[in-house]
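Structure first, commentary second.
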Amino acid sequence: MLSIRKSINNSKSLIVVGLATLGLFLLPNSAKALTIVDRTGFTDTDFENLLRNGQFSESFVTEGRIGNNSLDTTERELGINTPIRPNANGELSGGNPVAAGEYVWGNRQGANFSLEYTGSTINYTVGGQTLTSNAFSGPVTDIFLRTFASNNGNVALTNLAFDNQVFGGLSSSSINNSQDTDYIQLSNISSPFTLTGQALIGWTGITPARSQVAYQIKVGSSSTTKSVPEPGTVGAIFLATVAGIAYGRRKKV
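Take 1 as the starting number for the sequence shown in our numbering and just add one per residue.
As structure tokens, this is what we get:
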């Protein structure tokens, strides 16, 4: 009888621990340990080297660009793009849109944006216009945000927040037809997530075109960051393990 009671008590303890652990895994996304990596002075060459060396692999990219700044479909202003990846010779290819949209940017007028990724669905919204794609899936660990300005243009991503965690902004500005590129990296992330902020594109004089003023949100995985399993998956595995242990102990009694 004492052995039976001890087994029951142990089983109850395991279930309590399992439920408590599951509760931790099901905490809101705001509990994620977001890390902001300083990328001051980071260049496109530096980023491309990360791709070639396998230190970062893109899963998908969303973008906003000046395009032809009209609703004419000749040039897109918004896009969800395929990842850029190196081949065996180290040559990079990809970046083709799987979803595209037209948008008219007001000169230095901000537009609210959001990027939602569930692990299998992408919803990218700018100024009330939403692009959706199910072309990509899988876990992610990092995001690189890039801004680029040339031809007397400027671009800024402000009021940025990852799952309601505010982390500042990013901007690039071209003076006298110079070029300016800036990066910021978010690490230790997982899906699902929501990235929000405000995008601003502006210019002085003649309106730039195509990707002369643009920003990209490059979502993928870093070789130095461990992927965080989905909360529901981890919780289910843990509870199944607890149940198995408890059942095994009852059988032994």
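Ideal Cβ positions, reconstructed from N, Cα and C, are used throughout, including at glycine.
Just to confirm, is the Cβ distance from residue i to residue j under 8 Å?
i, j, result
"residue 36", "residue 58", "no"
"residue 48", "residue 65", "no"
"residue 90", "residue 82", "no"
"residue 56", "residue 122", "no"
"residue 145", "residue 199", "no"
"residue 86", "residue 50", "no"
From the DSSP output, read off the bridge partner residues of residue i.
i, result
"residue 184", "145"
"residue 189", "Answer by DSSP bridge pairing: none, since residue 189 is not bridged."
"residue 198", "112, 158"
"residue 130", "125"
"residue 105", "DSSP, once it has assigned bridges, lists no residue as partnering residue 105."
"residue 61", "81, 218"
Leaving out the 5 sequence neighbours to the left and right, which residues in its chain are closer than 7 Å to residue i when beta-carbon positions are compared?
i, result
"residue 39", "183, 184, 185"
"residue 33", "188"
"residue 120", "134, 137"
"residue 108", "200, 202"
Judging by CA-CA distance, which residue of the options is the nearest neighbour of residue i?
i, options, result
"residue 148", "219, 171, 93, 97", "171"
"residue 114", "60, 69, 162, 188", "162"
"residue 192", "141, 93, 49", "141"
"residue 138", "77, 118, 95, 215", "118"
"residue 100", "74, 48, 174, 90", "74"
"residue 207", "151, 220, 190, 179", "151"
"residue 135", "212, 97, 143", "97"
"residue 168", "159, 174, 218", "159"
"residue 195", "221, 125, 94", "125"
"residue 69", "203, 146, 223", "203"
"residue 211", "50, 53, 179, 197", "179"
"residue 130", "53, 79, 44, 41", "79"
"residue 215", "190, 120, 62, 44", "62"
"residue 197", "217, 205, 190", "217"
Beta-carbon within less than 8 Å of residue i's beta-carbon, same chain only, minus the 5 sequence neighbours each way: which residues are those?
i, result
"residue 127", "103, 111, 112, 113"
"residue 54", "223"
Measuring only the C-alpha atoms, how far is residue i from residue j?
i, j, result
"residue 201", "residue 209", "12 Å"
"residue 177", "residue 132", "35 Å"
"residue 166", "residue 222", "22 Å"
"residue 181", "residue 72", "27 Å"
"residue 231", "residue 45", "Model confidence at residue 231 stands at a pLDDT of 47, short of 50, so the residue's coordinates are unreliable and nothing is read from them."
"residue 175", "residue 219", "29 Å"
"residue 116", "residue 143", "13 Å"
Please list, in chain order, all residues of the same chain as residue i whose beta carbon is under 6 Å from its beta carbon, the five residues on each side excluded.
i, result
"residue 213", "66, 149, 153, 155, 201"
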